[in-house]
Amino acid sequence: GRLAPQGHSASLDVLLKCMVDPDSSTHSAASKALVAVMGPQDRDRALEELMGVLNNPKNAPSTRTAAADLVLREFGTPKAVRMMAGCLELEDGSIRRLTEKTIAKMIQAMPESDDVWESVVE
Numbered sequence: 316g317r318l319a320p321q322g323h324s325a326s327l328d329v330l331l332k333c334m335v336d337p338d339s340s341t342h343s344a345a346s347k348a349l350v351a352v353m354g355p356q357d358r359d360r361a362l363e364e365l366m367g368v369l370n371n372p373k374n375a376p377s378t379r380t381a382a383a384d385l386v387l388r389e390f391g392t393p394k395a396v397r398m399m400a401g402c403l404e405l406e407d408g409s410i411r412r413l414t415e416k417t418i419a420k421m422i423q424a425m426p427e428s429d430d431v432w433e434s435v436v437e
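For the sequence shown, our numbering assigns the number 316 to the initial residue and increments by one for each residue that follows.
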């Protein structure tokens with residue numbers, strides 16, 4: 316039984332909602348499943364949703380950290396770094412610190428790190 320494309324994005328929706336769950340066992344399971352179901356066409360959307368989880372002060376710190384970790388593991392792209400850099404302007408200090416740490420790790424993991432950093436700073 317192959318999943319129809321719309322079934323695919325429906326499961327993506329459910330998993331993205333689970334990422335916001337304050338229960339760490341739920342959001343860690345959701346992040347694993349998300350990676351499994353995510354197709355190339357889902358990546359941009361998933362990244363945007365995860366950014367929304369990350370930069371929302373209403374979410375539990377563990378939830379925001381889980382979103383940041385998932386972005387770090389799965390979306391180590393210059394685009395993700397640039398999107399994350401937007402969180403550095405938020406008033407919430409804990410989100411800023413989490414973002415700084417995550418961006419630093421993402422950049423370390425990238426081979427052409429210098430270019431990325433310059434493109435973020437510009």
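The beta-carbon is built from N, C-alpha and C at its ideal position, and this holds for glycine as well.
Would a C-beta distance cut-off of 8 Å place residue i and residue j closer than the cut-off?
| i | j | result |
| --- | --- | --- |
| R397 | L405 | no |
| L385 | L365 | yes |
| A383 | T417 | yes |
| M421 | A395 | yes |
| R379 | L331 | no |
Going by beta carbon distance, what residues of the same chain come within less than 7 Å of residue i, once the five residues before and after it are set aside?
| i | result |
| --- | --- |
| E350 | According to the sequence as given, residue 350 is Val; it is not Glu. For V350, where only same-chain residues beyond five positions count, the Cβ hits under 7 Å are E389. |
What residue from the options has the CA that sits closest to residue i's CA?
| i | options | result |
| --- | --- | --- |
| C333 | P372, P355, S377 | S377 |
| P355 | K373, L327, A400, I422 | L327 |
| V368 | K347, A424, M399, Q423 | M399 |
| G408 | A395, A348, N370 | N370 |
| G391 | A348, E415, Q423 | Q423 |
| A438 | D359, V329, R360 | Here the chain covers residues 316 to 437 and nothing more, so residue 438 does not appear. |
Within 10 Å of its beta-carbon, does residue i have 16 or more other beta-carbons around it, so buried, or fewer, so exposed?
| i | result |
| --- | --- |
| A381 | buried |
| L362 | buried |
Determine the extent of the alpha helix (DSSP H) in which residue i is found, giving its start and end residues.
| i | result |
| --- | --- |
| M398 | 393 to 400 |
| V350 | 339 to 352 |
| L369 | 358 to 369 |
| P456 | Given that the chain is displayed from residue 316 to residue 437, the structure contains no residue 456 and the question cannot be resolved. |
Please decide whether residue i counts as near chain C, where near means a Cβ-Cβ distance under 8 Å.
| i | result |
| --- | --- |
| S377 | This model lacks chain C altogether; it includes just one protein chain. |
What does a CB cutoff of less than 8 Å around residue i pick up in its chain, not counting 5 residues either side in sequence?
| i | result |
| --- | --- |
| E375 | The residue you asked about is not Glu; residue 375 is Ala in the sequence shown. Contacts found: P337. |
Grab me the residues of residue i's own chain with a C-beta within less than 6 Å of its C-beta, minus the 5 sequence neighbours each way, in chain order.
| i | result |
| --- | --- |
| D357 | L327 |
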